[in-house]
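Before any comments, here is the structure.
Numbering (the numbering used here), first residue to last: 24 to 287.
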């Protein structure tokens with residue numbers, strides 16, 4: 024992987040991680056179009072640069088992120104289902120990640136859902152994440168488990184889950200951002216652990232790529248989050264739905280035409 028390729032993947036991560044469009048699907052498309060060969064480090068890179076993305080959440084919501092213990096307990100309750108299902112279904116998730124076709128189908132199905140989600144859940148009454156109950160936090164955490172199906176989008180699953188629990192678009196999106204911090208941090212730690220457990224060592228060049236990737240992902244994610252909330256409040260999810268359908272369709276066309284899509 025070159026520095027240029029690392030920057031492009033980091034831009035993709037920063038743009039797509041917090042939008043309901045599936046960062047995994049975009050990473051597969053981006054890495055394939057750039058001819059990046061999948062290996063242990065590339066797989067580590069695509070997960071580890073999430074640290075830059077989650078740092079953007081902490082910076083943007085600094086005053087709100089460092090709140091009462093009650094706030095952290097709710098995040099923990101929402102985080103626990105992902106830990107349990109992630110450990111139980113680890114091998115199955117790895118198998119799904121090896122299927123670009125599955126990612127394309129998940130993008131299409133998710134896109135269709137986003138076309139109608141604004142109509143289904145248009146009467147949200149909870150506009151502040153502090154008003155979320157423990158039961159609601161748990162249910163959103165269960166929705167997050169759907170994102171273990173590659174191409175679903177963690178952001179889409181948790182935001183739709185929040186709106187299904189009568190959160191407004193804004194509150195659902197913000198809780199999704201907060202929940203991303205422990206979830207993505209945990210995923211990065213596990214990936215690093217597996218990397219070293221398998222006997223791999225990160226070289227100085229790879230450390231440089233990780234540093235650059237995290238810086239770029241941090242900057243881009245800051246911009247994406249800032250403008251996403253404003254767009255979401257004004258326009259809703261319909262455009263994201265159509266966008267997912269287009270991207271999923273492109274992946275299907277490439278696969279059916281025999282194009283070798285690189286899984287990450």
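Here a beta-carbon is modelled for each residue, glycine too, at the ideal position from N, C-alpha and C. Nothing here was measured: the structure is a model prediction, and the numbers come from that model.
Rounded distance between the beta-carbons of residue j and residue i, thought under 8 Å
i	j	result
residue 238	residue 26	That belief does not hold up - the Cβ atoms of residue 238 and residue 26 are roughly 12 Å apart, past 8 Å.
residue 50	residue 69	5 Å
residue 77	residue 203	6 Å
residue 47	residue 209	Going by Cβ atoms, the distance from residue 47 to residue 209 rounds to 17 Å, so no, they are not a contact pair.
residue 67	residue 214	6 Å
residue 134	residue 268	4 Å
6 Å Cβ shell around residue i - same chain, five flanking residues per side excluded
i	result
residue 104	164, 165, 168
residue 108	168
residue 243	34, 37, 38
residue 159	188
residue 132	none
Under the three-state DSSP convention, the category residue i falls into
i	result
residue 155	coil
residue 149	strand
residue 112	coil
residue 42	coil
Residue environment, residue i, which counts as buried when at least 16 other CB atoms sit within 10 Å
i	result
residue 97	buried
residue 279	exposed
residue 276	exposed
residue 256	exposed
Which listed residue (the options) has its alpha carbon closest to that of residue i
i	options	result
residue 185	224, 123, 162	162
residue 197	122, 154, 233	154
residue 64	225, 262, 265, 258	225
residue 141	183, 218, 123	183
residue 29	43, 42, 59	59
residue 55	250, 262, 123	123
Residues of its chain near residue i, where Cβ-Cβ distance is below 7 Å and the 5 sequence neighbours each way are ignored
i	result
residue 321	The shown model of the chain, from 24 to 287, leaves out residue 321, and the question about it has no answer.
residue 151	194
residue 240	33, 36, 37, 72, 75, 76
Close Cβ partners of residue i (< 8 Å) along its chain, the five nearest in sequence each way excluded
i	result
residue 144	183, 186, 187, 189
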